[in-house]
Amino acid sequence: MTVFILLIIAAALGLAFAAYKYPAAYRVMFIFVVPVLVMGGFVVLMIKIGDLNASVKSIYSELHHIQKDAISDQLAYQIRSLNADRQFLKMFLIYYISGFAYLVFLMFLPDLLNLAKGRHRTLRDMDGM
Numbered sequence: 011m012t013v014f015i016l017l018i019i020a021a022a023l024g025l026a027f028a029a030y031k032y033p034a035a036y037r038v039m040f041i042f043v044v045p046v047l048v049m050g051g052f053v054v055l056m057i058k059i060g061d062l063n064a065s066v067k068s069i070y071s072e073l074h075h076i077q078k079d080a081i082s083d084q085l086a087y088q089i090r091s092l093n094a095d096r097q098f099l100k101m102f103l104i105y106y107i108s109g110f111a112y113l114v115f116l117m118f119l120p121d122l123l124n125l126a127k128g129r130h131r132t133l134r135d136m137d138g139m
């Protein structure tokens, strides 16, 4: 897991460097990468939502077959599985939205830096007056 986190950090720093040094190339890469990321995210969401739907149907059908005060091991396992899927979807959406926001921020990074440089020059010119 630590190696995976380090790879993510290295990729984020590499993207930041590319966005700063080569803004035109980063924008071209952004235009081609964003649709792939969006479609990949939708595929993962569809698979997980289908899995959740199957779990809910299975739990619902098992509820009719158990006694009033008894709970089966299968039902407990399915409830834990349902909770695990819910946690996965929550974390996936948090990371997916955060990563997408970071890519958009990097797209506008050169413009923000140019704006800051222009403002710095304006302030320096006003101090000279």
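Quick note, this note's numbering runs 10 ahead of the 1-based positions in the sequence shown. Quick reminder that beta carbons are idealized off the backbone N, C-alpha and C, glycines included. All of these numbers come straight from a predicted model, not from anything done at the bench.
By the Cβ neighbour-count rule, Y87 is exposed, with fewer than 16 other Cβ atoms within 10 Å of its own.
L17 counts as exposed, since fewer than 16 other C-beta atoms from the protein chains shown sit within 10 angstroms of its C-beta.
Look at the beta carbons and you see the stretch 37-47 not touching the stretch 60-69: under three pairs across the two are nearer than 8 Å.
Non-local C-beta neighbours of P120 in its own chain, meaning closer than 6 Å and more than five positions away in sequence, comprise P33, ordered along the chain. Distance check between L116 and each of M39, I15, F14 places M39 closest, using alpha-carbon atoms only.
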